[in-house]
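Working notes for the structure below.
Numbering (our numbering), first residue to last: 124 to 345.
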């Protein structure tokens, strides 16, 4: 029986839960699955490719959530919040392992891993835009992608370091960032798409206004 990519990813994460992601070796995965090492090699050239395959899963969960009419009926800010948290929640059972995967990618000297990691983030943000039915074009699309990428990365870092069972601090920070971005978008000439859009929500207390951008940035680094 052929060994599937999913089985290899599952075995790798299982082994990482028992020890650490750093300690997982491809031959360990082969032994866990009781297959020759060539069966792993047929799907993955290196361990980092297994980590990349892992992140395909939350991408899929994000896109699948977008097929729910109730999600599409949400206001734009709440829809993005729902989709980003869906991406994070899909990995919640293995938060420590995910943190170790990211730590490994950020180690000094791993440029060959870090460049694909940047592209990986970009791909997830593209799926986020598609799932949320974002339709900005041209320069406005570039601006929106930059803002969404910043919000996504800030939220992901917050999630990686949070120790509450419901990630309430991450959820609250994401809400502040999204509402703040929506509020500031009102002042960007030409941002709004020709398609009809609902009124932008007023920023909640503590949202990202120009006068407290520095405060939020400081908080994100804390």
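We put the CB at the ideal spot given by N, CA and C, even for glycine.
The model shown is predicted, which means the values in this text are computed figures rather than measured ones.
Limits of the alpha helix (DSSP H) - the one that residue i falls within
i: residue 140; result: 128-141
i: residue 203; result: 199-212
i: residue 279; result: 261-283
i: residue 193; result: 192-195
i: residue 220; result: 218-229
As assigned by DSSP and simplified to three states, the class of residue i
i: residue 255; result: coil
i: residue 322; result: Bear in mind that the predicted position of residue 322 carries a pLDDT of just 42, short of 50, making it unreliable; the figure below should be weighed with that in mind. DSSP places residue 322 in coil when its eight states are reduced to three.
i: residue 148; result: coil
i: residue 310; result: coil
i: residue 168; result: coil
i: residue 298; result: helix
i: residue 163; result: helix
i: residue 181; result: helix
i: residue 247; result: helix
i: residue 158; result: coil
i: residue 289; result: coil
i: residue 189; result: coil
i: residue 317; result: The predicted position of residue 317 is uncertain, since its pLDDT is 37 and thus under 50; a value taken from the coordinates is nonetheless stated next. Three-state result, residue 317: coil.
Spatially closest choice to residue i from the options, by CA coordinates
i: residue 156; options: 171, 137 and 143; result: 137
i: residue 158; options: 130, 250 and 282; result: 130
i: residue 216; options: 290, 148, 149 and 193; result: 290
i: residue 294; options: 312, 263, 211 and 149; result: 211
i: residue 126; options: 148, 147 and 154; result: 154
i: residue 269; options: 227, 163, 286 and 246; result: 246
i: residue 262; options: 280, 286, 285 and 312; result: 312
i: residue 169; options: 310, 132, 181 and 194; result: 132
i: residue 284; options: 222, 180 and 258; result: 222
i: residue 256; options: 149, 194 and 226; result: 194
i: residue 191; options: 167, 180 and 209; result: 209
i: residue 287; options: 274, 167 and 218; result: 218
i: residue 229; options: 149, 171, 163 and 179; result: 171
Whole-number beta carbon distance between residue j and residue i, since they are thought to touch under 8 angstroms
i: residue 189; j: residue 260; result: About 20 angstroms; that fails the 8 angstroms criterion.
i: residue 128; j: residue 176; result: 6 angstroms
i: residue 206; j: residue 251; result: 6 angstroms
i: residue 224; j: residue 282; result: Contact flag wrong, Cβ pair sits at about 13 angstroms.
i: residue 220; j: residue 140; result: 6 angstroms
i: residue 296; j: residue 278; result: 7 angstroms
i: residue 305; j: residue 200; result: 5 angstroms
i: residue 81; j: residue 135; result: Outside the displayed span of the chain (124 to 345) sits residue 81, for which this structure offers no information.
i: residue 181; j: residue 142; result: Rounded, the Cβ-Cβ distance is 23 angstroms, inconsistent with contact.
Examine the Cβ distances between the region 162-175 and the region 198-205 and report whether three or more of them are shorter than 8 angstroms. no
Give a yes or no on contact between the region 295-315 and the region 242-250, applying the rule of three or more CB pairs nearer than 8 angstroms. no
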